[in-house]
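Okay, so here's the structure we're looking at.
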Amino acid sequence: MTRWQNVPMRRGAGILLAGVLVLSACSGDDDDSVALATTAPTTTAVRATSTTPPTSSTSSSTTSTSPSTTSSTTTTTATTTTTTTTPPTTVALPVPQPPPAEDGSTEPRVPVGSIEIPAIGLSANMWEGIRLTTLDNGPGHWPGTAMPGEPGNVVVAGHRVSHHADFRHVNDLVAGDDVIMSTPSGRFVYEVLSTEIVKPDALWVVDQTPEATATLFACHPPGSVRERIVVHLALSA
12 MTRWQNVPMR RGAGILLAGV LVLSACSGDD DDSVALATTA PTTTAVRATS
62 TTPPTSSTSS STTSTSPSTT SSTTTTTATT TTTTTTPPTT VALPVPQPPP
112 AEDGSTEPRV PVGSIEIPAI GLSANMWEGI RLTTLDNGPG HWPGTAMPGE
162 PGNVVVAGHR VSHHADFRHV NDLVAGDDVI MSTPSGRFVY EVLSTEIVKP
212 DALWVVDQTP EATATLFACH PPGSVRERIV VHLALSA
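So in my numbering the end of the sequence shown lands on 248, straight run, no missing numbers.
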């Protein structure tokens with residue numbers, strides 16, 4: 012969560028937002044077979060003498076048949092497939108610096124690149140910082156916000172009436188207009204999505220986004236610090 016604590020602002024100047032930023036902010040059966048033996052009867056003839064007749068015997072023959080059992084063993088190997096899901100990489104978003112107090116001090120003059128807005132005839136150098144003295148040189152990049160072409164929200168401020176009045180006609184921008192930012196990393200084209208008017212304490216305009224976006228803002232109406240005009244953009248090329 013972000014909020015503002017307002018501090019006195021320089022009336023009539025082109026600084027856009029001023030104050031102190033506070034951030035509190037997947038088996039088978041067995042079968043036995045047996046053959047039984049048979050014995051023939053004995054016949055005896057009696058005469059004057061006794062004769063012992065031969066004894067005829069038949070031996071029994073026993074045949075034992077044992078079943079043959081075949082055991083078949085089948086081994087099944089279970090295959091386990093492990094799927095590893097790699098979590099998406101989380102991109103650390105930029106952290107905007109608190110807006111500086113306008114105490115008359117100056118910032119180092121650090122060039123960022125350039126900004127072009129063909130629809131309103133703007134072509135200017137862009138600088139690092141949003142102090143009044145920096146915006147006197149041209150549009151300023153809010154320190155800590157995304158750089159052009161990178162994920163996050165590129166925040167740029169500009170004067171409407173003083174010095175070069177670079178953002179004098181940003182109210183004329185409509186959805187689909189191009190804003191071109193060039194840095195040593197390349198040339199990046201942003202497309203206007205919408206425009207709105209907000210209160211001076213609407214610090215959420217510098218919030219960072221996972222997508223590559225951009226925000227232009229300036230005082231509104233021209234010559235007044237009563238409100239801010241904010242233009243929202245998204246990277247298109």
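In this text, a Cβ means the ideal position worked out from N, Cα and C, and glycines have one as well. All values reported here derive from a predicted model rather than from experimental measurement.
To the nearest angstrom, how far is the alpha carbon of residue i from that of residue j?
i: cysteine 230; j: aspartate 147; result: 14 Å
i: threonine 194; j: glycine 140; result: 15 Å
i: histidine 174; j: leucine 104; result: 33 Å
i: alanine 157; j: alanine 112; result: 21 Å
i: phenylalanine 178; j: arginine 171; result: 5 Å
i: proline 162; j: isoleucine 240; result: 23 Å
i: glycine 115; j: histidine 243; result: 30 Å
i: alanine 225; j: leucine 246; result: 8 Å
i: asparagine 210; j: phenylalanine 228; result: Sequence check: residue 210 is lysine here, not asparagine. Cα-Cα distance, rounded: 12 Å.
i: serine 134; j: proline 122; result: 14 Å
i: leucine 34; j: arginine 237; result: In this predicted model, leucine 34 has a pLDDT of only 28, less than 50, meaning its place in the structure is not dependable; the value taken from the coordinates is given anyway. Taking the straight line joining both Cα atoms gives about 24 Å.
i: glycine 197; j: asparagine 136; result: 15 Å
i: glycine 6; j: glycine 149; result: The structure shown has nothing for residue 6, since the chain only spans 12 to 248.
i: proline 233; j: isoleucine 128; result: 18 Å
i: glycine 132; j: valine 102; result: 35 Å
i: leucine 143; j: isoleucine 208; result: 21 Å
i: proline 109; j: serine 235; result: 23 Å
i: methionine 192; j: tryptophan 153; result: 14 Å
i: aspartate 218; j: aspartate 212; result: 13 Å
If residue i and residue j are in contact, beta carbons under 8 Å, what's the gap, nearest whole angstrom?
i: valine 181; j: isoleucine 126; result: Between isoleucine 126 and valine 181 the Cβ distance is about 11 Å, and since that is not below 8 Å, they are no contact.
i: proline 11; j: valine 166; result: This structure cannot speak to residue 11, because the chain is shown only from 12 to 248.
i: proline 107; j: glycine 169; result: Incorrect: roughly 17 Å between the Cβ atoms, too far for contact.
i: leucine 184; j: alanine 223; result: Going by Cβ atoms, the distance from leucine 184 to alanine 223 rounds to 19 Å, so no, they are not a contact pair.
With DSSP collapsed to three states, give me the class of residue i.
i: asparagine 182; result: helix
i: isoleucine 141; result: coil
i: proline 221; result: coil
i: leucine 104; result: coil
i: proline 129; result: helix
i: valine 121; result: coil
i: valine 241; result: strand
i: valine 216; result: helix
Which residues in the same chain as residue i place their Cβ atom closer than 8 Å to its Cβ, once the five residues preceding and following it in sequence are excluded?
i: threonine 145; result: Thr117, Glu118, Arg120, Trp138, Glu139, Gly151
Looking only at its own chain, which residues have a Cβ that is under 7 Å from the Cβ of residue i, when we skip the five neighbours before and after it?
i: alanine 248; result: Val200
i: alanine 186; result: Val203, Leu204, Ser205
i: threonine 220; result: Gly163, Asn164
By Cβ distance below 6 Å, which residues in the same chain neighbour residue i in space, the five residues on each side in sequence not counted?
i: aspartate 188; result: Ala130, Val203
i: alanine 176; result: His170
Minimum length 3: unbroken beta strand (DSSP E) runs contained in the stretch 152-198: 163-168, 189-194
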